[in-house]
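There are 4 protein chains.
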Amino acid sequence: MLIDTQQQSLVTRLNRIEGQIRGIRRMVQEPRQCIEILQQLAAAEAALNRISLAVFKHHVDICVPEGAVLGPDETTRRLSELVDIFDRFSK
Amino acid sequence: MLIDTQQQSLVTRLNRIEGQIRGIRRMVQEPRQCIEILQQLAAAEAALNRISLAVFKHHVDICVPEGAVLGPDETTRRLSELVDIFDRFSK
Amino acid sequence: MLIDTQQQSLVTRLNRIEGQIRGIRRMVQEPRQCIEILQQLAAAEAALNRISLAVFKHHVDICVPEGAVLGPDETTRRLSELVDIFDRFSK
Amino acid sequence: MLIDTQQQSLVTRLNRIEGQIRGIRRMVQEPRQCIEILQQLAAAEAALNRISLAVFKHHVDICVPEGAVLGPDETTRRLSELVDIFDRFSK
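Listed below in structure tokens is the structure:
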């Protein structure tokens with residue numbers, strides 16, 4: 003699981019993305035040019051993706067080794083979950 | 003530019019994504035399992051991506067043909083912007 | 003449609019990717035470490051993606067304007083095809 | 003590392019992708035419509051991506067647990083490699 007310092011960093015970054023989404027909503031309402039909206043959507047997707055990378059990194063650095071203490075079955079389970087995650091993100 | 007009915011549909015969908023981001027922030031704060039957080043991040047990215055597709059579709063269906071009325075240079079400009087957008091999203 | 007100089011450039015790049023695929027097959031047969039194989043697969047995907055970008059660019063720079071000469075229906079058809087392409091590549 | 007049955011399955015799939023690349027080269031040389039070429043490029047990228055998923059799955063199912071036998075440092079090393087791979091593929 004996530005530890006304190008990481009939680010705070012992730013919360014800050016998620017707040018920023020929430021702000022980006024609200025910004026995009028305003029752009030849709032004005033409305034601004036589609037191309038500008040698409041650029042901001044691409045930026046928000048990239049920011050979300052960087053958060054996913056941070057959580058993935060934490061998972062393999064901390065959570066999978068923690069599972070190892072609980073025995074090989076738990077390690078196997080935690081590793082196999084990664085395949086599903088890789089599949090969703092790699093497309 | 004976006005027209006009324008589309009603006010409303012996009013605003014509704016962006017509100018939903020804002021809710022998803024807030025949900026992910028709560029999961030980070032509890033904290034929930036990293037895998038569950040990653041699954042929700044993947045879902046939010048996919049939802050943003052579907053919005054991008056809708057805006058892209060509107061752009062090529064409506065904005066590029068509108069540009070055509072303004073002359074070939076404006077069409078060329080609007081089309082060339084698409085290459086940058088394709089580049090950002092296709093990676 | 004593609005013109006001569008671009009065809010040659012694309013053929014050269016596709017030959018190089020064919021070489022990359024053969025290299026990956028050799029790595030699988032030796033077999034080499036999975037991580038090394040994954041790095042080469044990522045490189046081949048990125049190379050294919052850059053080719054797609056070049057073809058997309060040619061399409062919007064050359065083919066869509068060519069369609070404009072054939073009338074608004076043909077332009078509409080060529081533009082709407084882009085939405086499907088964007089959808090496939092943006093995921 | 004990869005085991006026999008998987009090597010054969012991957013070699014077969016890589017041969018098929020090599021055939022797809024050659025097919026795309028022929029389409030470029032004729033030349034065929036850009037949209038058709040883009041569709042085949044998307045199909046080849048998706049096929050490469052499915053191979054990456056199979057290798058990733060093998061890596062976390064077989065290679066990382068194998069590393070566990072060699073001690074915690076080797077496990078840590080094999081897991082940390084996954085972050086780089088996730089980063090390359092998730093963009």
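Protein chains in written order, with this note's numbering: chain Z, 3 to 93; chain V, 3 to 93; chain U, 3 to 93; chain Y, 3 to 93.
Cβ atoms here follow ideal geometry from the backbone N, Cα and C, with glycine treated the same way.
Note that the structure is a prediction, hence the values are computed from the model and not measured.
Query                                                                                                                                                                : Result
Within 10 Å of its beta-carbon, does Val30(Z) have 16 or more other beta-carbons around it, so buried, or fewer, so exposed?                                         : buried
Counting pairs of beta carbons, one from the segment 80 to 91 of chain U and one from the segment 50 to 67 of chain V, are three or more of them closer than 8 Å?    : yes
Looking only at its own chain, which residues have a Cβ that is under 6 Å from the Cβ of Ala49(Y), when we skip the five neighbours before and after it?             : Ile19
Under a CB-based cut-off of 8 Å, is Leu81(Y) close to chain U?                                                                                                       : no
Counting C-beta neighbours from all protein chains within 10 Å, is the total for Ser82(Z) 16 or more, i.e. buried, or is it exposed?                                 : exposed
Over what stretch of residues does the alpha helix (DSSP H) that includes Val30(U) continue unbroken?                                                                : Asp6 to Gln31
In this structure, does DSSP put Leu96(U) in helix, strand or coil?                                                                                                  : Absent from the structure is residue 96(U), since the part of chain U shown begins at 3 and ends at 93.
Where Leu6(Z) and Gln22(V) are concerned, what is the direct C-alpha to C-alpha distance, given to the nearest angstrom?                                             : What sits at residue 6(Z) in the sequence shown is Asp, not Leu. Whole-angstrom Cα-Cα distance: 22 Å.
Which complete alpha helix (DSSP H) runs does the segment 40 to 93 of chain U hold, if anything under 4 residues is left out?                                        : 66 to 71 and 74 to 92
Beta-carbon within less than 8 Å of Thr77(V)'s beta-carbon, same chain only, minus the 5 sequence neighbours each way: which residues are those?                     : Val66, Gly69 and Ala70
By how many angstroms is the C-alpha of Arg52(Y) removed from the C-alpha of Val62(Y)?                                                                               : 15 Å
Should Gln42(V) be labelled buried (16 or more other beta-carbon atoms within 10 Å of its own) or exposed?                                                           : buried
Taking Cβ-Cβ distances below 7 Å as the criterion, which residues of the segment 48 to 78 of chain U are in contact with chain Y?                                    : Leu50, Asn51, Ile53, Ser54, Val57, Phe58, His60, His61 and Cys65
I need the straight-line Cα distance from Gly73(Z) to Leu16(Y), nearest angstrom please.                                                                             : 36 Å
Which word fits Glu32(Y), buried or exposed, when buried means at least 16 other C-beta atoms lie within 10 angstroms of its C-beta?                                 : exposed
Comparing alpha-carbon positions, which option in Leu84(Y), Asp75(Y) and Arg28(Y) lies nearest Gln9(U)?                                                              : Arg28(Y)
Would you mind working out which of Ala46(U), Ser54(U), Thr14(U) and Ser92(U) sits nearest Ile37(Y), comparing C-alpha positions?                                    : Ser54(U)
For my contact list, Ile26(Z) and Ala46(Z) are in at a C-beta cut-off of 8 Å; report their separation, rounded to the angstrom.                                      : 7 Å
So, for Lys93(V): in the same chain, excluding its five sequence neighbours on each side, which residues have a beta-carbon less than 7 Å away from its beta-carbon? : none
If you draw a straight line from the alpha carbon of Arg24(Y) to that of Leu4(Y), how long is it in whole angstroms?                                                 : 27 Å
Using only the alpha-carbon positions, how far apart do Thr14(Y) and Leu40(V) sit?                                                                                   : 33 Å
To the nearest angstrom, how far is it from the Cα of Gln35(Z) to the Cα of Ala44(Z)?                                                                                : 15 Å
Given that Ser92(V) touches chain U, what residues does it touch there, using C-beta distances under 7 Å?                                                            : Asn51, Ser54, Leu55, Phe91 and Ser92
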